[in-house]
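Per UniProt numbering, the very first residue in the sequence shown carries number 1; after that it's consecutive.
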Amino acid sequence: MDKRRAEVTPLKKTCYNVSQEESESNWWDNDSASMILKKKIESVYAQMEEYKLRAKELEEEKARLLETKIPEMATTEEAVATFQNILLKCNEHTLLISQLRKRLAAQKEHPPGPPPQSPRTAAETQPEAPNTAKEIEEYIAKIGVLESKIELFLSKHPPNYTTLVKTLELESKELTSTNTALAHKVAEELQKNHDLSNALAAAESTLQTYQMLVDTLRSDMSQAAEEEASQKSQLIEKTDELYLVIERINGNIADYSREVEKENFEDTSCIGECRLKLKELEDKEMDRVEEVSFLVRKYIDTAKINDDLRQKIEQMKKDPMIKVVKEINKENEAKLSEECTRLRLDLEKSRLDYLERKSSSQYHKRKSVQYESELKALAKTVADLEKTNQGLHTKLQAATKPAAPDASTKEIELYRKMVRCAVCSTNMKDAILKKCMHLLCRECINGRYATRQRTCPLCGIVFSMSDVSHVFL
Numbered sequence: 001m002d003k004r005r006a007e008v009t010p011l012k013k014t015c016y017n018v019s020q021e022e023s024e025s026n027w028w029d030n031d032s033a034s035m036i037l038k039k040k041i042e043s044v045y046a047q048m049e050e051y052k053l054r055a056k057e058l059e060e061e062k063a064r065l066l067e068t069k070i071p072e073m074a075t076t077e078e079a080v081a082t083f084q085n086i087l088l089k090c091n092e093h094t095l096l097i098s099q100l101r102k103r104l105a106a107q108k109e110h111p112p113g114p115p116p117q118s119p120r121t122a123a124e125t126q127p128e129a130p131n132t133a134k135e136i137e138e139y140i141a142k143i144g145v146l147e148s149k150i151e152l153f154l155s156k157h158p159p160n161y162t163t164l165v166k167t168l169e170l171e172s173k174e175l176t177s178t179n180t181a182l183a184h185k186v187a188e189e190l191q192k193n194h195d196l197s198n199a200l201a202a203a204e205s206t207l208q209t210y211q212m213l214v215d216t217l218r219s220d221m222s223q224a225a226e227e228e229a230s231q232k233s234q235l236i237e238k239t240d241e242l243y244l245v246i247e248r249i250n251g252n253i254a255d256y257s258r259e260v261e262k263e264n265f266e267d268t269s270c271i272g273e274c275r276l277k278l279k280e281l282e283d284k285e286m287d288r289v290e291e292v293s294f295l296v297r298k299y300i301d302t303a304k305i306n307d308d309l310r311q312k313i314e315q316m317k318k319d320p321m322i323k324v325v326k327e328i329n330k331e332n333e334a335k336l337s338e339e340c341t342r343l344r345l346d347l348e349k350s351r352l353d354y355l356e357r358k359s360s361s362q363y364h365k366r367k368s369v370q371y372e373s374e375l376k377a378l379a380k381t382v383a384d385l386e387k388t389n390q391g392l393h394t395k396l397q398a399a400t401k402p403a404a405p406d407a408s409t410k411e412i413e414l415y416r417k418m419v420r421c422a423v424c425s426t427n428m429k430d431a432i433l434k435k436c437m438h439l440l441c442r443e444c445i446n447g448r449y450a451t452r453q454r455t456c457p458l459c460g461i462v463f464s465m466s467d468v469s470h471v472f473l
């Protein structure tokens, strides 16, 4: 029966519950039947156009979302919420279609009644989730028009429910799948746009960093060019000054070498005299030692004689002429005591003389060792000065050649350190200690001498003001 109704055009008016007058026939004429069929087709096409329009709106919404820039949106959560609302509306449309399908199935089983009083009942019971009041009104109006058309069509002619329901289900599935795909694509586009915005922000920060580095390098290059020009002029001036300083140093070294040679000659002559005196003292010491040994032997022999005399006296005490012997013994003892006293005095005198000569020889030995150490120190100082002079010549030759600004600055600082005092690092070197040949400033030497620090601050050798000499650099 359903198949017949779907394929054959009905001709009887009673099938559609149409009110008719008694004089009229129960069958439709050809014109009315064709008009009804035409209206049916138009209704189906209108419903299809309605769903196509909704699909077109969804496509436009998709295009609008794809064209919308991510930074214009507030947050990703809001965008996701918007798409969830769109999906909810699609689901509501699907629910509406399913309700229509159920109602059509119910009307198929039972004869259709009179048209409903309110065509918007289904639309009002259907939950809506539009965005604005205008969209709500448009949506309600569309649902009402659709329901009125469906009721009118059902009241006039039973439609092909099976084909319509299948078509609606297919369109609903297509819309659902399209909406789901659109949601996934939009989420992917949002993620891509988010990643692109992060990459763009990172690239902008990197570009700003590079721009700052380029500006810094440009300023540094300009400053370096200015500093290089100024350092070249300063280097030329310092080179001229160094030529003058080296000439002064060469003159001072020549004068100092002459003084050192003179002092060396005097020291060598003094050392020769000291050695001669030391040899004489050693000879005298040997003679004195022999004399002392002779006196010691003589003292020992005298002691032996005294022991022999005492033994003889003990033996003579037993003889009858004790008085005579006692007198003789007294005289001998007096002579012997005088001789012993004289020998003791000579021995003590010899010992004192020996100790005095020994201390004098040690003093001369110390002086000779000191003179030799001073001579070695002077020779070492002369060698160091010659080496320094050669180094200054080589550095001066290197300074005349074009060099990097850093090398010239380091050489200038090195020359300044060589010319300035090693203690205060402020004043120029204008004094020398003859004992150790170290160059200092006069203020540092006077300050140390005033505070009783009379040792060289560099090597610790004791000096006096007579050891300080003026130097011109």
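The beta carbon of each residue, even a glycine, is placed where N, CA and C say it ideally should be.
At what residues does the alpha helix (DSSP H) containing L450 begin and finish?
For the purposes of this step, residue 450 is identified with residue 450 of the sequence shown, where counting begins at 1. The displayed chain sequence assigns Ala, not Leu, to residue 450. Looking at the DSSP string, the run of the alpha helix (DSSP H) that includes A450 is 442 to 450.
Based on the DSSP output, what are the partners of V369 in its beta bridges?
Counted from its first residue, the sequence shown places residue 369 at position 369. Note: V369 sits in no beta bridge, so no partner.
What residue range is occupied by the uninterrupted beta strand (DSSP E) comprising S469?
Position 469 of the sequence shown, counted from the start, is the residue given in the question as residue 469. 468 to 470 is the extent of the beta strand (DSSP E) around S469.
Can you tell me where the beta strand (DSSP E) holding I432 begins and where it ends?
Translated into positions along the sequence shown, residue 432 becomes position 432. That run of the beta strand (DSSP E) goes 431 to 433.
Can you name, in chain order, every residue of its own chain whose Cβ lies under 6 Å from the Cβ of V245, other than the five neighbours on each side?
If you number the sequence shown from 1, residue 245 lands on position 245. If we look at V245 and ignore the five residues flanking it on each side, it has no Cβ neighbours.
On the DSSP bridge assignment, give the partners of L439 in chain order.
Residue 439 sits at position 439 when you count from the first residue of the sequence shown. As computed with DSSP, L439 is found in a beta bridge with I432.
Using DSSP bridges, identify the partner residues of R420.
Here residue 420 is taken as the residue at index 420 of the sequence shown, counted from 1. Bridge partners of R420: M428.
Taking its Cβ as the centre, do 16 or more other Cβ atoms sit within 10 Å of V214, making it buried, or is it exposed?
For the purposes of this step, residue 214 is taken as residue 214 along the sequence shown, with counting starting at 1. The residue is exposed, with fewer than 16 neighbouring Cβ atoms inside 10 Å.
Spatial neighbours of M437 within its chain, please: CB distance less than 7 Å, with the 5 preceding and 5 following residues excluded, ordered by chain position.
Position 437 of the sequence shown, counting from 1, holds the residue named residue 437. Close CB contacts of M437 within its chain, under the 7 Å cut and outside five residues either way in sequence, are with A377, L378, T381 (chain order).
Given this structure, state the Cα-to-Cα distance separating N250 from T455, to the nearest angstrom.
Start at 1 with the first residue of the sequence shown, and residue 250 comes out as number 250. Start at 1 with the first residue of the sequence shown, and residue 455 comes out as number 455. N250 and T455 have their C-alpha atoms roughly 28 Å apart.
Let me make sure I understand the geometry here. Which of D31, N85, N30, L175 has the alpha-carbon closest to that of L53?
One-based indexing of the sequence shown puts residue 53 at position 53. Nearest C-alpha to L53: L175.
Among S43, K367, N179, V369, nearest to E92 - alpha-carbon criterion
Translated into positions along the sequence shown, residue 92 becomes position 92. Comparing alpha carbon positions, the residue from S43, K367, N179, V369 closest to E92 is N179.
Burial state of E242 (16 or more Cβ within 10 Å)
Residue mapping note: residue 242 aligns to position 242 of the sequence shown, counting from 1. In the sequence as presented, Glu is not what sits at residue 242; that position holds Leu. The residue is buried, with at least 16 neighbouring Cβ atoms inside 10 Å.
Using CA atoms only, rank isn't needed, just tell me which of I412, F294, C340 is closest to Q233.
What you label residue 233 is simply residue 233 of the sequence shown in a count that begins at 1. A quick correction: the sequence has Ser, not Gln, at residue 233. The shortest C-alpha separation from S233 is found at I412.
Inter-residue Cα distance where the pair is E59 and N198
Residue numbering aside, residue 59 sits at position 59 when the sequence shown is read from its first letter. Residue numbering aside, residue 198 sits at position 198 when the sequence shown is read from its first letter. Distance between the alpha carbons of E59 and N198 is about 28 Å.
Assign I300 to buried or exposed, taking buried as 16 or more other Cβ atoms, counted over all protein chains shown, within 10 Å of its Cβ.
On the sequence shown, position 300 is the one that residue 300 refers to. By the 10 Å Cβ count, I300 comes out exposed.
Check whether the region 341 to 360 and the region 217 to 228 touch, using three or more Cβ-Cβ pairs below 8 Å as the test.
Because the criterion of three Cβ pairs below 8 Å is not met, the region 341 to 360 and the region 217 to 228 do not touch.
Compare the C-alpha of C459 against each of G447, D430, L375, V423 and name the closest.
Taking the sequence shown and counting its residues from 1, the one referred to as residue 459 is at position 459. Ranking G447, D430, L375, V423 by Cα distance to C459 puts V423 first.
What does T455 pair with, by DSSP beta-bridge criteria?
The residue given as residue 455 occupies position 455 in the sequence shown. In DSSP, T455 forms a bridge with V462.
Three-way DSSP call (helix, strand, coil) for D215 in this model:
Within the sequence shown, residue 215 is the residue found at index 215, counting from 1. Note: D215 maps to helix in three-state DSSP.
DSSP three-state call for D29: helix, strand or coil?
In the sequence shown, residue 29 corresponds to position 29, counting from 1. Looking at D29 - three-state DSSP - the assignment turns out to be coil, as it is neither helix nor strand.
Nearest to S177 (by Cα), restricted to the options K417, A55, L276
Taking the sequence shown and counting its residues from 1, one reaches residue 177 at position 177. Comparing Cα-Cα distances from S177 to each of K417, A55, L276, the minimum goes to A55.
For my contact list, Y449 and M465 are in at a C-beta cut-off of 8 Å; report their separation, rounded to the angstrom.
Here residue 449 is taken as the residue at index 449 of the sequence shown, counted from 1. Here residue 465 is taken as the residue at index 465 of the sequence shown, counted from 1. At roughly 6 Å, the Cβ-Cβ gap stays under 8 Å, so Y449 and M465 are in contact.
Let me confirm a value: E369 is counted as buried when at least 16 other C-beta atoms fall within 10 Å, else exposed. Which label applies?
Sequence index remark: in the sequence shown, residue 369 carries index 369 (1-based). For clarity, residue 369 is Val in the given sequence; the question names Glu instead. Answer is exposed; the Cβ neighbour count stays below 16.
Closest to K298 by C-alpha separation, out of E339, D384, E259, would be which residue?
Here residue 298 refers to the residue found at position 298 of the sequence shown. Distance from the Cα of K298 is smallest, within the candidate group E339, D384, E259, for E339.
For the putative contact between F463 and K435, defined by C-beta atoms under 8 Å, what is the C-beta separation to the nearest angstrom?
Numbered from 1 along the sequence shown, position 463 holds the residue referred to as residue 463. Numbered from 1 along the sequence shown, position 435 holds the residue referred to as residue 435. About 5 Å separates the two Cβ atoms, so the contact holds.
S43, buried or exposed, once every other Cβ within 10 Å from all chains shown has been counted against 16
As a working mapping, residue 43 is identified with position 43 in the sequence shown. It is buried - the Cβ of S43 has at least 16 other Cβ atoms within 10 Å.
Are there 16 or more other CB atoms within 10 angstroms of the CB of A334, so buried, or fewer, so exposed?
On the sequence shown, position 334 is the one that residue 334 refers to. A334 comes out exposed.
Measuring CA to CA, which of L146, Q390, R64 is closest to I253?
Within the sequence shown, numbered from 1, the residue matching residue 253 stands at position 253. Closest by alpha carbon: Q390.
What separation, rounded to the nearest whole angstrom, lies between the Cα atoms of E290 and E282?
For this step, residue 290 is matched to residue 290 along the sequence shown. For this step, residue 282 is matched to residue 282 along the sequence shown. About 12 Å.
Distance, S469 Cα to V260 Cα:
Along the sequence shown, read from residue 1 onward, the residue named residue 260 stands at position 260. Along the sequence shown, read from residue 1 onward, the residue named residue 469 stands at position 469. Here the alpha carbons of S469 and V260 stand approximately 13 Å from one another.
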